[in-house]
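Presented below is the structure to which this report refers.
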Amino acid sequence: MPRRKKIYEGKAKTLFEGPEPGTLVQYFKDDATAFNAEKRDVIEGKGVLNNILSEYFMQGLGDIGVPTHFIRRLNMREQLVRACEIIPLEIIVRNYAAGSISKRLGIDEGTRLPRPIIEYCYKDDALGDPLVSEEHIAAFGWASSQDMDDIVSLALRVNDFMSGVMRAVGIRLVDFKIEIGRVYDGDFQRLIVADEISPDSCRLWDMETDQKLDKDVFRRDLGSLTDAYSEVARRLGVLPKGAVPMAKPTLIN
Ligand SMILES: Nc1ncnc2c1ncn2[C@@H]1O[C@H](COP(=O)(O)OP(=O)(O)OP(=O)(O)O)[C@@H](O)[C@H]1O
Ligand SMILES: [Mg+2]
Numbered sequence: 001m002p003r004r005k006k007i008y009e010g011k012a013k014t015l016f017e018g019p020e021p022g023t024l025v026q027y028f029k030d031d032a033t034a035f036n037a038e039k040r041d042v043i044e045g046k047g048v049l050n051n052i053l054s055e056y057f058m059q060g061l062g063d064i065g066v067p068t069h070f071i072r073r074l075n076m077r078e079q080l081v082r083a084c085e086i087i088p089l090e091i092i093v094r095n096y097a098a099g100s101i102s103k104r105l106g107i108d109e110g111t112r113l114p115r116p117i118i119e120y121c122y123k124d125d126a127l128g129d130p131l132v133s134e135e136h137i138a139a140f141g142w143a144s145s146q147d148m149d150d151i152v153s154l155a156l157r158v159n160d161f162m163s164g165v166m167r168a169v170g171i172r173l174v175d176f177k178i179e180i181g182r183v184y185d186g187d188f189q190r191l192i193v194a195d196e197i198s199p200d201s202c203r204l205w206d207m208e209t210d211q212k213l214d215k216d217v218f219r220r221d222l223g224s225l226t227d228a229y230s231e232v233a234r235r236l237g238v239l240p241k242g243a244v245p246m247a248k249p250t251l252i253n
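Everything in the sequence shown is counted per the UniProt record's numbering, starting at 1 for the first residue and increasing by one.
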């Protein structure tokens, strides 16, 4: 089999050329990074879990008519997606205060926000993905005002869907980040949800105990990240059997 052409190697995923034009293969790695890659580790099984969880969420979004890049999962670590032009923004939706908004505005983590708040960060690792306003986005031409209307509507639909799915399994969707891409159908262009939706890109807290079931477990050294992500997958009924090592095998002499 010819070697696939690597298009991009990111921190958590690698993109390869897909089998048909306009497609890409997304390979989910086990690498975890935080604080703009200052903290890094390899977490066995993380890629498998994120691949399956992102499939689950993207497919569910597709089922309710929210367009996404997801085509199909290929194997435990790879999925086929539609190639798009990523808008260089991280779109963050917050339902409760946590992380940077708590620091910036002095709001206790876990405080319910008056309504979902959307924030934008400019995707640039060298600059540490700085927060930007709609004024910057318009002035620098990163997205048009029509795009911004579509982005807000997509972000809120993802928020409603994800909040409901999580609530059904006793998990609070505190916040999440998505990336949105542009695709062309002839002369017509539209925006779709791209990249991934997984515990790497959401804050998920157990509703009863506030236990964290997302990447903050890694950022803040709160225990096993694989256990946290497995718990999310288990509650949603998509835990891959035998694929994720729950504990290291013991050598018997
Ligand atoms: N459907 C798609 N078409 C094109 N590019 C995509 C698509 N989905 C995701 N991407 C891009 O693929 C890369 C995924 O890799 P990864 O998440 O590991 O990147 P990263 O290290 O977080 O870097 P970045 O700062 O670019 O997001 C990201 O750059 C993301 O924007
Ligand atoms: Mg990324």
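Note that CB positions come from ideal geometry on N, CA and C, so glycine has one too. Model, not experiment: these values are computed from the prediction.
| Query | Result |
| --- | --- |
| Which partner residues does residue 31 have in the DSSP bridge list? | 42 |
| For residue 135, which option in 180, 145, 67, 23 has the closest C-alpha, if you only look at C-alpha atoms? | 145 |
| Is any heavy atom in ligand 1 found nearer than 6 Å to the beta carbon of residue 91? | no |
| Could you check the C-alpha separation between residue 31 and residue 41 for me, to the nearest Å? | 6 Å |
| Going residue by residue through the stretch 65-136, where are the continuous alpha helix (DSSP H) segments of at least 4 residues, counting only ones entirely within it? | 100-105 |
| Once you ignore the five residues that flank residue 47 on each side, which residues in its own chain have a CB closer than 7 Å to its CB? | 28, 29, 30, 77 |
| Check whether the Cβ of residue 84 lies closer than 6 Å to any heavy atom of ligand 1, and answer yes or no. | yes |
| Between residue 150 and residue 191, is the Cβ-Cβ spacing less than 7 Å? | yes |
| Find out if the Cβ-Cβ distance for the pair residue 92, residue 109 is shorter than 7 Å. | no |
| How about residue 213: is its C-beta nearer than 7 Å to some C-beta of chain B? | Absent here is chain B; the protein component of the structure consists of one chain. |
| Would a C-beta distance cut-off of 7 Å place residue 238 and residue 56 closer than the cut-off? | yes |
| Report yes if the C-beta distance between residue 116 and residue 95 is below 7 Å; otherwise report no. | yes |
| When we look at the beta-carbon of residue 177 and count the other beta-carbons within 10 Å, is it buried (16 or more) or exposed? | buried |
| Nearest CA to the CA of residue 189: which residue from 86, 140, 16? | 86 |
| Label residue 59 either buried or exposed according to how many other C-beta atoms from any shown protein chain fall within 10 Å of its C-beta, with 16 as the threshold for buried. | exposed |
| Looking at the secondary structure, which residues open and close the alpha helix (DSSP H) in which residue 185 lies? | Taken as a continuous stretch (DSSP letters only), residue 185 belongs to no alpha helix (DSSP H), being part of the beta strand (DSSP E) at 171-185. |
| Compare the C-alpha of residue 89 against each of 11, 53, 148 and name the closest. | 148 |
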